[in-house]
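S.K.: Structure in structure tokens, see below.
Number of protein chains: 2
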Amino acid sequence: MTTTKRGRPRSFDREAALVQATLLFWQHGYEGTSISDLTAAMGISPPSLYAAFGDKRALFTEVVDRYGTTFGAFMEDALARERDPRAGFARMLEEAAVSYTDPGHPAGCLVISAATNYSPQTADVEQDLRARRTANVGSFEARLEDARARGALPEDADTRALAVYFAAVVQGMSQQARDGASTQELRRVARLAMNAWPEPPA
Amino acid sequence: MTTTKRGRPRSFDREAALVQATLLFWQHGYEGTSISDLTAAMGISPPSLYAAFGDKRALFTEVVDRYGTTFGAFMEDALARERDPRAGFARMLEEAAVSYTDPGHPAGCLVISAATNYSPQTADVEQDLRARRTANVGSFEARLEDARARGALPEDADTRALAVYFAAVVQGMSQQARDGASTQELRRVARLAMNAWPEPPA
DNA sequence: CTGATTTTACAGCGATCGCTAAAGAAAGTG
DNA sequence: CACTTTCTTTAGCGATCGCTGTAAAATCAG
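Pasting the structure below:
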């Protein structure tokens with residue numbers, strides 16, 4: 001069943017096509033990327049796209065999911081791999097500065113910028129990305145709560161405010177990157193941002 | 001010439017129509033707002049809109065210009081009216097927290113969020129708002145340079161990095177507001193953000 | 001009043017949107 | 001070979017996009 005290969009084989013590389021779709025959505029957003037743009041970049045015709053990926057919405061979801069496990073994976077990785085919570089957030093911001101300005105792909109973060117302007121009929125796409133960002137804030141807060149429980153943050157530290165703050169800084173860095181900020185500028189922003197981290201309870 | 005009033009008078013309030021257009025563009029962005037949406041909210045027909053405002057692009061420009069002198073005026077006001085530069089930036093962030101979550105209008109900042117996803121044919125609109133944001137960063141930097149010259153910042157303060165940092169924080173706060181953050185949360189973010197301000201040269 | 005001027009509502013332009021029916025082309029199966 | 005399955009291309013669907021031609025309606029000047 002799973003490996004039966006009957007019928008005419010697909011004549012294009014599905015993964016390569018997905019990468020092209022990712023680059024387009026990343027740069028121009030969901031509504032700013034048309035099926036015509038996608039098929040041109042993928043080198044296929046509309047029916048092939050629909051047969052391989054469903055519809056535009058399903059393709060976008062697949063793109064975003066793949067983005068989270070590749071380009072966007074540095075976030076949770078940085079928080080998880082650094083033992084010291086403060087070092088984890090610092091590393092996350094540093095890596096954001098590098099990733100958001102990588103000339104190998106569009107600037108900024110796809111999840112942050114790909115669906116900010118929603119017309120009524122694409123409100124669900126906007127809501128999807130919003131949920132991912134909200135989950136990210138929650139992830140920050142959980143990590144900060146964990147840090148406090150382990151004594152890496154003062155007992156009275158405002159973990160909720162810190163979580164929203166770090167999310168805002170990351171989103172702001174993404175926007176700045178799209179507006180043309182350099183890697184160096186964003187690295188310095190990342191270091192400035194870490195001044196908000198409270199002193200440990202001594 | 002200027003006050004000649006010949007012909008049929010306009011049957012709608014141009015200012016009120018402009019406010020309606022502002023609210024729509026603010027919430028749904030440039031591309032997410034159609035002429036049909038606009039005429040419905042304004043209570044007029046397409047020819048009336050085109051006669052009064054030119055085309056969609058001109059209407060949007062007028063909306064953004066008006067936004068800058070009303071809703072968005074708190075930024076330069078805060079920097080200009082506080083004598084102490086640090087107090088000026090702190091006040092700007094505090095007022096952003098309030099304005100971006102004001103239930104009387106859409107969340108966040110129109111200049112920041114109304115044209116982030118640009119399809120090729122609207123790249124000029126995107127570029128227009130981008131220029132306004134870049135000018136804002138430059139304004140921050142000028143104010144910081146002024147602060148350093150007057151001894152309110154250390155001689156070795158990185159004014160460029162601070163300017164990009166504050167711009168990123170403001171943009172992040174706008175995004176967080178659109179994602180549902182509360183006024184209180186953003187106020188606490190504003191206070192945390194001020195920790196990046198360098199100590200005065202003693 | 002008549003005539004000139006401007007705005008109005010109605011209808012629809014060409015272009016593009018996301019998407020798909022139809023039929024031919026390329027593979028495996030017998 | 002014939003048959004089934006799947007992908008391909010061609011062509012175009014209905015809907016919406018920004019925008020406008022046309023003519024009636026409403027005000028002015030004389």
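As you go down the protein sequences, you meet chains A and B in turn. According to UniProt numbering, the first sequence is numbered sequentially starting from 1. According to UniProt numbering, the second sequence is numbered sequentially starting from 1. Don't be surprised by glycine CBs; every beta carbon is placed ideally from N, CA and C.
According to DSSP, is M1 of chain A helix, strand or coil?
M.R.: Along the first sequence, one-based indexing puts residue 1 of chain A at 1. For M1 of chain A, the predicted structure reports a pLDDT of 40, less than 50, and the residue's modelled location is therefore unreliable. A value from the coordinates is still provided. In this structure, M1 of chain A counts as coil in the three-state DSSP scheme.
S.K.: What are the residues in the segment 157 to 176 of chain A lying within 8 Å of chain B by C-beta distance?
M.R.: D158, R160, A161, L162, V164, Y165, A167, A168, V169, V170, Q171, G172, M173, Q175, Q176
S.K.: Answer yes or no: does any C-beta atom of chain A fall closer than 7 Å to that of T2 of chain B?
M.R.: Counted from its first residue, the second sequence places residue 2 of chain B at position 2. Reliability of the predicted coordinates at T2 of chain B is poor, the pLDDT of 39 falling under 50, and the value obtained from them is presented with this limitation in mind. Judged by the 7 Å Cβ criterion, T2 of chain B is not in contact with chain A.
S.K.: What did DSSP end up calling H105 of chain A once you bin it into helix, strand or coil?
M.R.: Within the first sequence, the letter at position 105 stands for residue 105 of chain A. Note: H105 of chain A maps to coil in three-state DSSP.
S.K.: Going by other Cβ atoms of all chains shown within 10 Å of its Cβ, with 16 needed for buried, is T69 of chain A buried or exposed?
M.R.: Translated into positions along the first sequence, residue 69 of chain A becomes position 69. With fewer than 16 Cβ atoms within 10 Å of its Cβ, T69 of chain A is classed as exposed.
S.K.: Does H28 of chain B have its Cβ less than 7 Å from a Cβ in chain A?
M.R.: For the purposes of this step, residue 28 of chain B is taken as residue 28 along the second sequence, with counting starting at 1. Chain A has a Cβ within less than 7 Å of the Cβ of H28 of chain B.
S.K.: Which residues in chain B sit within 8 Å of D13 of chain A, going by Cβ to Cβ distance?
M.R.: Position 13 of the first sequence, counting from 1, holds the residue named residue 13 of chain A. Ordered by position in chain B, no residue passes the 8 Å Cβ test against D13 of chain A, which lies about 25 Å from the chain.
S.K.: Nearest chain B C-beta to G104 of chain A closer than 7 Å, yes or no?
M.R.: Here the question's residue 104 of chain A lines up with position 104 in the first sequence. No, no contact with chain B.
S.K.: Counting along the chain, where does the alpha helix (DSSP H) carrying F140 of chain A start and finish?
M.R.: Numbered from 1 along the first sequence, position 140 holds the residue referred to as residue 140 of chain A. Counting along the chain, the alpha helix (DSSP H) containing F140 of chain A begins and ends at 123 to 149.
S.K.: Anything in the segment 123 to 148 of chain B with a Cβ closer than 7 Å to a Cβ of chain A? List those residues in chain order, please.
M.R.: R130, R133, T134
S.K.: Less than 7 Å between the beta carbons of Q175 of chain A and Q27 of chain B, yes or no?
M.R.: Your numbering for residue 175 of chain A matches position 175 in the first sequence. Your numbering for residue 27 of chain B matches position 27 in the second sequence. No, these two residues do not count as a Cβ contact at 7 Å.
S.K.: Thinking C-alpha only, which one of B:L59, B:G7, B:F71, B:D128 is nearest L18 of chain B?
M.R.: Numbered from 1 along the second sequence, position 18 holds the residue referred to as residue 18 of chain B. With distances taken between Cα atoms, L18 of chain B lies closest to B:L59.
S.K.: Work out the CA separation of T134 of chain A and E185 of chain B for me, nearest whole Å.
M.R.: Locating residue 185 of chain B in the second sequence gives position 185, where the first residue counts as 1. Locating residue 134 of chain A in the first sequence gives position 134, where the first residue counts as 1. Approximately 14 Å, taken between the alpha carbons.
S.K.: What residues in its chain sit with their C-beta under 7 Å from that of F140 of chain B, if we drop five residues either side in the sequence?
M.R.: Sequence index remark: in the second sequence, residue 140 of chain B carries index 140 (1-based). Answer for F140 of chain B: A163, F166, A167, listed in chain order.
S.K.: Going by beta carbon distance, what residues of the same chain come within less than 7 Å of G104 of chain A, once the five residues before and after it are set aside?
M.R.: Counting from one through the first sequence, the residue named residue 104 of chain A turns up at place 104. Around G104 of chain A: no qualifying Cβ.
S.K.: Rounded to whole angstroms, how far is the Cβ of A152 of chain B from the Cβ of P85 of chain B, which I believe are closer than 8 Å?
M.R.: For this step, residue 152 of chain B is matched to residue 152 along the second sequence. For this step, residue 85 of chain B is matched to residue 85 along the second sequence. The Cβ separation is near 5 Å, so the contact holds.
S.K.: Within a Cβ cutoff of 7 Å, which residues of the same chain sit near F25 of chain A, ignoring the five residues on either side of it in sequence?
M.R.: What you label residue 25 of chain A is simply residue 25 of the first sequence in a count that begins at 1. Hits under 7 Å: T33, F60, V63, L110, A114.
S.K.: Considering only their Cβ atoms, is the gap separating F74 of chain A from E95 of chain A smaller than 7 Å?
M.R.: One-based indexing of the first sequence puts residue 95 of chain A at position 95. One-based indexing of the first sequence puts residue 74 of chain A at position 74. Against a cut-off of 7 Å, the Cβ pair of F74 of chain A and E95 of chain A comes out as a contact.
S.K.: Around the C-beta of residue 204 of chain A, are 16 or more other C-beta atoms found within 10 angstroms, so that it is buried, or is it exposed?
M.R.: For chain A, the structure presents residues 1 to 202; residue 204 of chain A sits outside this window and is missing.
S.K.: If the cut is a Cβ gap below 9 Å, which residues of chain A does S119 of chain B touch?
M.R.: On the second sequence, position 119 is the one that residue 119 of chain B refers to. Simply H28, G29, E31, G32, T33, S34, D37.
S.K.: Given this structure, state the Cα-to-Cα distance separating residue 227 of chain A from D77 of chain A, to the nearest angstrom.
M.R.: Since the first residue of chain A shown is 1 and the last is 202, residue 227 of chain A is not available in this structure.
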